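Trainee:
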């Protein structure tokens with residue numbers, strides 16, 4: 021993961037490890053296209069680190085894909101190794117539980133089917149997703 025600071029400095033680090041920032045370092049955290057790739061045990065650690073580096077009153081915005089479908093030309097569903105398959109209700113429950121010290125709003129949406137070509141594969145991609153907007157309580 022790469023982050024920018026208010027000084028314009030960019031730093032790269034492993035999201036699954038302790039973040040290289042002091043506590044209460046950021047006013048806001050924005051995560052997109054990433055967190056749904058982690059099983060719940062790793063997601064818990066990541067959210068704990070986000071909470072640690074976010075100041076009280078800080079904003080957290082998460083885009084979290086659910087019900088991901090990658091349909092190959094033969095009609096089979098391609099699931100990346102180790103990738104969890106969160107349902108919308110499961111994702112909401114997990115995130116609300118992890119963010120119990122936040123004021124949370126969740127919005128649901130979907131990505132209509134589109135053709136994707138990546139990693140040498142061509143498939144039809146679609147998913148539902150939630151947009152979570154939260155404020156860390158003091």
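Numbering (my numbering), first residue to last: 21 to 158.
Just so it is clear, CB atoms sit at the ideal spot from N, CA and C, and this is done for glycine as well.
All values derive from a computational prediction rather than experimental measurement.
In terms of DSSP beta bridges, what is residue 90 paired with?
Mentor: Its beta-bridge partners are 145.
Trainee: Does residue 78 pass the burial test, meaning 16 or more other C-beta atoms within 10 Å, or should it be called exposed?
Mentor: By the neighbour-count rule (16 or more Cβ atoms within 10 Å), residue 78 is buried.
Trainee: In the DSSP assignment, what residue or residues form a beta bridge with residue 83?
Mentor: Beta-bridge pairing links residue 83 to 151.
Trainee: Suppose contacts are defined by Cβ-Cβ distances below 8 angstroms. Is residue 75 in contact with residue 46 by that definition?
Mentor: A contact, by the Cβ cut-off of 8 angstroms.
Trainee: Looking at the unbroken beta strand (DSSP E) that takes in residue 132, where does it start and where does it end?
Mentor: 122 to 138 is the extent of the beta strand (DSSP E) around residue 132.
Trainee: Could you tell me the boundaries of the beta strand (DSSP E) in which residue 34 lies?
Mentor: Segment: none, residue 34 is in no beta strand (DSSP E) and carries neither H nor E.
Trainee: Under the rule that 16 or more other beta-carbon atoms within 10 Å means buried, what is residue 129, buried or exposed?
Mentor: Burial call: exposed.
Trainee: Leaving aside the five residues before and after residue 52 along the sequence, list all residues of the same chain whose C-beta is less than 7 angstroms from its C-beta, in chain order.
Mentor: These residues qualify, in order along the chain: 83.
Trainee: Please look up how many angstroms separate the CB atoms of residue 106 and residue 44, rounded, as I've assumed it's under 8 angstroms.
Mentor: Going by Cβ atoms, the distance from residue 106 to residue 44 rounds to 29 angstroms, so no, they are not a contact pair.
Trainee: Using a Cβ-Cβ cutoff of less than 6 angstroms, which residues in the same chain neighbour residue 92 once the five nearest sequence positions on both sides are dropped?
Mentor: Excluding sequence neighbours, residue 92 sits near 98, 143.
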